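Add 7 to a position in the sequence shown, counting from 1, and you land on the number used in this note's numbering. Below is one structure, written out as structure tokens, with a few remarks after it.
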Amino acid sequence: MQKPVQKPARARILDAAHVLMLTLGLARTTTKEIAKAADCSEAALYKSFSSKEELFIAVLDERLPKLGPLLSELTARPGEGDLEENLTEVARQAARFYAQTVPIAASLYADPRLKARHEAALREMGTGPYKPIQRLDAYLRAEQRAARIHADADTYAAASLLLGACTHRAFAYDSAAGGTAAPPLDEFAQGLARTLLSGIGSPG
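Next up, the structure:
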């Protein structure tokens with residue numbers, strides 16, 4: 008009987024990193040543990056990824072809900088589709104995205120030196136937690152130019168409010184062991200989009 012074909016090393020490394028970062032947190036996950044879980048050597052891991060930070064960004068881009076691509080797609084076609092539906096989908100994907108990124112990154116806040124080192128590495132790579140806010144701001148500004156958002160609306164503040172609410176959802180509720188469950192995702196996303204648009208949407 009033939010053995011099942013193994014995934015390429017890079018895919019195995021990303022899968023292992025995703026699982027370990029979710030269960031142990033970013034701070035406690037080591038490249039040695041990731042390599043072991045991926046059934047490869049650390050040397051093989053470093054052939055694909057130069058650092059744990061680069062691997063973390065790859066996990067965000069390739070294993071988590073696709074928030075970045077959604078925002079890029081919407082920004083490329085402002086004025087299309089129903090604006091409330093567009094923002095509802097952004098809120099839905101953002102809530103899913105932060106539901107995974109918050110547990111991964113939370114452990115960094117227990118170690119200020121590790122957090123500072125991680126942030127410095129992300130700055131070197133030209134990325135960081137601010138990127139989704141910038142991308143959503145770019146989309147809202149595009150819709151502003153298409154006259155679907157008030158000309159005087161603060162789009163950066165609006166982007167921060169929407170994504171901040173999605174991030175907070177990951178902190179505020181815990182359905183495990185009988186804890187308080189979060190509101191249904193679709194209901195939450197639609198309510199957030201509708202409320203935001205009541206303040207910044209163009210009446211025309």
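Just so you know, even glycine gets a beta-carbon here, dropped at the ideal spot from N, CA and C. Computed from a predicted model, the values in this text were never measured in an experiment.
Contact belief for residue i with residue j at Cβ below 8 Å, rounded distance in angstroms
i    : j    : result
A98  : A196 : 4 Å
V109 : A189 : With 8 Å as the limit, V109 and A189 do not qualify as a contact, their Cβ atoms being about 12 Å apart.
R17  : S55  : 5 Å
Beta-ladder partner(s) of residue i, from DSSP
i    : result
G208 : I156
Residue burial classification, residue i (beta-carbon count within 10 angstroms, cutoff 16)
i    : result
E150 : buried
R142 : buried
T174 : buried
A179 : exposed
T202 : exposed
D46  : exposed
D144 : buried
A127 : exposed
A117 : exposed
P172 : Looking at the sequence shown, residue 172 is not Pro but Ala. Answer is buried; the Cβ neighbour count reaches 16.
P85  : buried
T187 : exposed
Residue i to residue j span [Cα, whole Å]
i    : j    : result
I20  : A160 : 44 Å
L115 : A65  : 18 Å
P72  : I140 : 16 Å
P164 : A50  : Reading the sequence as shown, one finds Ala at residue 164 and not Pro. Going by the C-alpha atoms only, they are around 44 Å apart.
R152 : A112 : 35 Å
A123 : K138 : 18 Å
L170 : P136 : 11 Å
Y53  : K39  : 11 Å
D89  : T95  : 10 Å
A101 : E69  : 15 Å
Y146 : L74  : 12 Å
P191 : L27  : 27 Å
P15  : L29  : 22 Å
Original post:
Do the stretch 23-38 and the stretch 76-85 meet, that is, are 3 or more Cβ pairs less than 8 Å apart?
Top reply: Taking 8 Å as the limit for Cβ pairs, the verdict is that the stretch 76-85 does not touch the stretch 23-38.
Original post:
Contact between the stretch 58-66 and the stretch 124-144: three or more CB pairs below 8 Å?
Top reply: Contact holds: three or more Cβ-Cβ distances are below 8 Å.
Original post:
Counting Cβ pairs closer than 8 Å, one from the stretch 199-210 and one from the stretch 154-161, do we hit at least three?
Top reply: Verdict: yes, contact present.
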